[in-house]
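Student: The opening residue of the sequence shown carries number 24 in the working numbering; numbering runs sequentially from there.
Virtual Cβ for every residue (Gly too), placed ideally from N, Cα, C.
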Amino acid sequence: MFPSPFNAKHTYIIAEAGVNHNGDIALSKALIDGAAQAGADAVKFQLFEPALLASAKTPLAAYQETGAQAGEPIKNQIDLLSRLALPRQAFIELQAHAHQAGIQFLCTPFDDMSAVFLHQTLDVPLLKISSGELTNLPFLRLLGRMNIPLILSTGMATLAEVEAAVQAAWETNRPPLALLHCVSAYPAAADTVNLLALQTLQQKFPNCTIGYSDHTLGLHVPVAAVALGARIIEKHFTLDQSLEGPDHQASLTVAELAQMVFAIRETEVALGDGIKKPNPVESDCIRVARKSLVLRHDLPAKHTLTLDDLIAKRPGTGISPANLFQVLGKRLKTDLSRDELLQPELLED
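Next comes the structure, spelled out in structure tokens:
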């Protein structure tokens, strides 16, 4: 039984294989194995029909030109997408491989028929929707009518656009919905990330699960996002950052992905329950690091304690200096020596 990203006890980590398979099924399976090895909750691919995703006049983005395959020049996005697309039948095979590897299989559809295929044929537990589809309200309405849980990235969007997307997805039904803060730059610099927008989304959409889709280099930013309340983390990964293709250079290696998973799990544990109280592991330090009221000099029985008689010193196993004024004016039951810790039983009532 795979975990759910909605109201989960721990952060749901999506290893984004995306198109880093370069159109190769064998490489796709190796990516699945790598994601499972790293400890991610899910591995995600992308399903698209190039001619339905982009027009013939759609240029390459700068990052796509930088990471484009060598050899024959790539003319436009359709040309690039055609080299990165997998046949629909391949996803049946990849889903089976993922389940065998013990990791949940997810996929992002970019058109109506791809969404229907994933929902009806593969029976995926949810659909992850790209930031580019956030303003494609007819598509979001279709997904809402399908009544399948959705994770929606919000890169490039204003808060008003996110609100319109939520309304579209929930126009007919109210499937579980997660919103991922995202900056659609590849890679994204740390000073562009604006992680505090996570809190804005949490406040504006209290009925949605909030997470973060990361495009920065390294793994510290998604870990920080978890500390700020992100319940879902999505991160690109690759088997080899030197491979040809648009996303490899901005992706984690499998080893780095495993480090990120470990750091997120450590962060979750470190967050605790938010109640300010001593932890049982501090008991030894409480004993030796805190102070008690100690006699400055030898004193006889029946002596009435004054401020000049007392000083605060370690250890913390006697009467706390916080109770100083409750002790002043009380008489000693017995003779006491210099540096002796005051205890309640040494004082007369």
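#1: If you run the structure through DSSP and keep just helix, strand and coil, what is GLY234?
#2: Within 8 Å, do at least three Cβ pairs link the region 185-196 to the region 241-251?
#3: Does the region 177-184 come close enough to the region 47-65 to have 3 or more Cβ pairs within less than 8 Å?
#4: Evaluate PHE348 with the Cβ neighbour count: other Cβ atoms within 10 Å of its Cβ, from every protein chain shown; 16 or more gives buried, anything less gives exposed.
#5: How many Å lie between SER27 and PRO148 at the Cα?
#6: For PHE25, does the three-state DSSP call read helix, strand or coil?
#7: Can you tell which of LEU76, LEU163 and ILE115 has the C-alpha that lies nearest to the C-alpha of LEU107?
#8: Taking the Cβ atom as the reference point for each residue, do ASP270 and ASN43 lie within a distance shorter than 8 Å?
#9: Among residues of its own chain, excluding the 5 on either side of LEU160, which ones have a beta-carbon nearer than 8 Å to its beta-carbon?
#10: Secondary structure at PRO132, three-state DSSP: helix, strand or coil?
#11: From the DSSP output, in three-state form, read off ILE48 for me.
#12: Is the region 124-133 touching the region 148-157 in the sense that three or more CB pairs, one from each, lie closer than 8 Å?
#13: Using 10 angstroms around the beta-carbon of MET283, count the other beta-carbons present and answer buried if the total reaches 16, otherwise exposed.
#14: Whether or not the region 311-328 and the region 340-347 are in contact is what I'm after, with contact meaning three or more pairs of Cβ atoms, one per stretch, closer than 8 Å; do they touch?
Tutor: Checking against the coordinates, here is how it stands:
#1: For the purposes of this step, residue 234 is identified with residue 211 of the sequence shown, where counting begins at 1. Correct three-state label for GLY234: strand.
#2: Contact between the region 241-251 and the region 185-196 is absent: fewer than three C-beta pairs spanning the two stretches fall below 8 Å.
#3: Contact between the region 177-184 and the region 47-65 is absent, with fewer than three C-beta pairs closer than 8 Å.
#4: Counting from 1 along the sequence shown, the entry for residue 348 is found at position 325. With fewer than 16 other Cβ atoms within 10 Å, it is exposed.
#5: Taking the first residue of the sequence shown as position 1, residue 27 is located at position 4. Taking the first residue of the sequence shown as position 1, residue 148 is located at position 125. When rounded, the distance between both Cα atoms is 9 Å.
#6: The sequence position of residue 25 within the sequence shown is 2, counting from 1. Coil at PHE25, not helix or strand.
#7: Numbered from its first residue, the sequence shown carries residue 107 at position 84. Nearest option by C-alpha distance: LEU76.
#8: Locating residue 270 in the sequence shown gives position 247, where the first residue counts as 1. Locating residue 43 in the sequence shown gives position 20, where the first residue counts as 1. Taking 8 Å as the Cβ cut-off, ASP270 and ASN43 qualify as a contacting pair.
#9: Reading the sequence shown from its first residue, position 137 is the one you call residue 160. Excluding positions up to five away in sequence, the list reads ALA187, ALA188 and ALA191.
#10: Locating residue 132 in the sequence shown gives position 109, where the first residue counts as 1. Strand, per DSSP.
#11: Start at 1 with the first residue of the sequence shown, and residue 48 comes out as number 25. Helix, per DSSP.
#12: Yes: at least three Cβ pairs fall under 8 Å.
#13: As a working mapping, residue 283 is identified with position 260 in the sequence shown. Buried is the label assigned to MET283, since at least 16 other Cβ atoms lie within 10 Å of its Cβ.
#14: Counting Cβ pairs under 8 Å, three or more are found: they touch.
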